[in-house]
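Data block below; observations after.
2 protein chains.
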Amino acid sequence: MLKYQRIAEDIEHYIVHNRLKQGDKLPVLEELRRKYEVSKSTITKALELLEMKGIIYQVRGSGIFVRRHKRKGYINLDENQGFRSGLDEFQLTSEVLKLEVMNPSEEVMTNLSISAEEEVYYVKRLRFIHGQRLCIEESYYKKSVVPFLNEQIVSESIFNYLKEGLKLEIGFSDNFFHIGKLTKTEANLLALRTGDPGMYYESVYHLTNGEAFDYSKLVYNFQEAQFYLQINSLS
Amino acid sequence: MLKYQRIAEDIEHYIVHNRLKQGDKLPVLEELRRKYEVSKSTITKALELLEMKGIIYQVRGSGIFVRRHKRKGYINLDENQGFRSGLDEFQLTSEVLKLEVMNPSEEVMTNLSISAEEEVYYVKRLRFIHGQRLCIEESYYKKSVVPFLNEQIVSESIFNYLKEGLKLEIGFSDNFFHIGKLTKTEANLLALRTGDPGMYYESVYHLTNGEAFDYSKLVYNFQEAQFYLQINSLS
DNA sequence: CAGTGGTCTAGACCACGGC
DNA sequence: CCGTGGTCTAGACCACTGG
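Just so you know, the sequences run in chain order A and B. Quick note on my numbering: the first sequence kicks off at 1 and runs consecutively. Quick note on my numbering: the second sequence kicks off at 236 and runs consecutively.
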């Protein structure tokens, strides 16, 4: 593990452990530099990481402050699935509806940039949060990247398996969503009524080398799904 | 303007101007360094910025590549309002329903971290996209930060005024949303039916010094609203 | 004007990809 | 093995905040 990652982690732990609140001041840069015995740039890099994660903000001429404006019960879109699995705080379980190897449809071919010959795993799950129906999930994984899946893996956290088991390095994702009315089939699965509100969410996940390996389509239950998102300015 | 910002902008223009596509390779780091006559770290910083913005991705041992998986007609949540105003591509107009100075409600006090005495501007607008009703927006601006607003400013892009006119430096925002059914009042404004799907979106915008200055509540029309979001891994 | 964070440099060394 | 991006250092200088 790299120095700046270790330092970032340490500072994050420090914030959590000391129950620091929004706006609380952290030690100044020079002090951190002395504490960790690294160069200024390394500390800067660590703080930059924490800033991107929405954990702190830095004010020139003033100091480094804690950013903590989350609301309880909201799912963080950034750490959804592929990234920092912040869903641990939620009791998330799954019922596997389908698991098979297949050839991709046009839609899947487009989103994963593959040909009709390349096989994919198809996984359809019903996901529960605190025992309530949260969403229907249909995922397609490139078989060349994810060579094996079974009922057990798929009934737990797939992304955890991809990262811990297969050591896949996930780089970035493209996400699209809109609101609509549930079809009869969708409503049945979510124990709602036809025409009730639903959020339709699509993701394409890429490895660090840019290769797309997962295309997922989700339909969220309007009664259970609430999200939050921290955005930085990036001048 | 800083060196690394200027370089990042230049590279972005280069990508757009040469119509580079997803996966196209950019010149290698050393070449860019020579071209711009700066140190390696400065180029790295510029590329990091572009990476965060979702414009490129870098692969160690391989190169720098263009990332361009947007879908047309989707609103980018990152560059919504406060940030890179990418809404220019959409024909966005507003009808002002209300504009007044008032004392904050409990809800506004909490979200802006202010007391009951501190006055705020209240703006209610109906926003149109390509002439269609996109959303109802209710915004509260701290009067101490935004001392003046009038009908004309408010009928155009408020954030543009805040940045260009007032020279406010926006640092980050916290965003929350969920799905629900429209009330009668909401449905009337959006020309939909009571009980139709809607997306309820709340934002709190902060200056670079961490001070919250805008709390906004939006209700999106399910027929017009579709969003995208690029997420990076941030190990 | 002292304190604090931000930019930039030059250069050493490391880690990964692909031939 | 070589080319490529990533980390890290030490230090100079700059820009903003707040008393």
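C-beta: ideal position from N, C-alpha, C; glycine also.
In the displayed model, B:Phe394 falls within a helix according to three-state DSSP.
Between the segment 158-173 of chain A and the segment 247-260 of chain B, the count of Cβ pairs shorter than 8 Å is below three; the stretches do not touch. In this structure, B:Tyr450 keeps its C-beta atom at 9 Å or more from the C-beta atom of B:Tyr436. Sorting A:Leu207, A:Gln223 and A:Val96 by C-alpha distance to the C-alpha of A:Asp196 places A:Gln223 at the top. Listed in chain order, the positions of the segment 412-430 of chain B with a beta carbon within less than 8 Å of a beta carbon of chain A are Phe412, His413, Ile414, Gly415 and Lys416. In the structure shown, B:Asp259 adopts coil according to DSSP, grouped into three states. At least 9 Å separates the beta-carbon of B:Gly289 from that of B:Gln326. Going by C-alpha positions, A:Ser155 is about 11 Å away from A:Lys98. Taking each of B:Tyr463, B:Ile466, B:His441 and B:Ile371 in turn and checking the Cα distance to B:Leu424, the smallest one comes out for B:Ile371. Its chain contains Val66 as the residues whose beta carbon lies nearer than 7 Å to that of A:Leu20, once the 5 sequence neighbours on both sides are disregarded; these appear in chain order. Ranked by Cα distance from A:Gly61, the first of B:Ile466, B:Gln461 and B:Thr443 is B:Thr443. Here the alpha carbon of A:Lys72 sits roughly 28 Å from the alpha carbon of B:Lys359. In the DSSP annotation of this structure, A:Val38 is not part of any beta strand (DSSP E), being labelled neither H nor E. When C-beta atoms of the segment 98-108 of chain A are compared with those of the segment 178-192 of chain A, fewer than three pairs fall below 8 Å, so the two segments do not count as touching. When secondary structure is reduced to three states using DSSP, A:Gly210 falls in the coil class, being assigned neither helix nor strand. For the pair A:Asn175 and B:Tyr463, the Cα-to-Cα distance works out to about 5 Å.
In the three-state reduction of the DSSP assignment, A:Gly171 falls in the strand class, which pools E and B. For B:Gly400, no chain A residue has a C-beta closer than 7 Å to its own C-beta; the minimum C-beta separation is roughly 18 Å. Proximity of A:His206 to chain B, defined by a Cβ-Cβ separation below 9 Å, is satisfied.
Following the DSSP letters along the chain, one finds B:Val355 inside the beta strand (DSSP E) bounded by residues Val355 to Ile364. B:Ser379 counts as exposed, since fewer than 16 other beta carbons sit within 10 angstroms of its beta carbon. Nearest to A:Ser173 by alpha-carbon distance, out of B:Met236, B:Lys416, B:Val273 and B:Arg303, is B:Arg303. In the structure shown, B:Gln458 adopts coil according to DSSP, grouped into three states. Residue environment for B:Phe448: buried (at least 16 other C-beta atoms within 10 angstroms of its C-beta).
Between B:Thr418 and B:Arg362, the C-beta gap is not smaller than 9 Å, which leaves the two residues out of contact. The shortest C-alpha to C-alpha distance from A:Tyr205 to any of A:Gly171, A:Ile231, A:His17 and A:Ala225 is the one to A:Gly171.
The closest CA to that of B:Leu469, considering only A:Arg34, A:Leu47 and A:Leu162, is found on A:Leu47. Within the DSSP bridge table, the entry for B:Tyr435 names B:His413 and B:Val454 as partners. Between A:Glu107 and chain B, the shortest Cβ-Cβ separation is not below 9 Å. Non-local C-beta neighbours of B:Leu267 in its own chain, meaning closer than 7 Å and more than five positions away in sequence, comprise Ile278, ordered along the chain.
The beta carbons of B:Leu347 and B:Tyr375 sit about 7 Å from each other, so the pair counts as a contact at 8 Å. For B:Ala460, the nearest CB of chain A lies under 9 Å from its own CB, placing it at the interface with that chain. Annotation for A:Ile7: Tyr36 and Ala46 place their beta carbon closer than 6 Å to its own, counting only its chain and skipping 5 residues before and after. Cβ atoms of B:Asp313 and B:Gln465 come within 8 Å of each other, at about 7 Å.
Under the DSSP assignment, A:Tyr141 falls in the beta strand (DSSP E) whose first and last residues are Gln132 to Lys142. Short of 7 Å from the beta carbon of A:Tyr57, and not among the five residues preceding or following it, lie these beta carbons of its own chain, in chain order: Glu51, Phe65 and Arg67.
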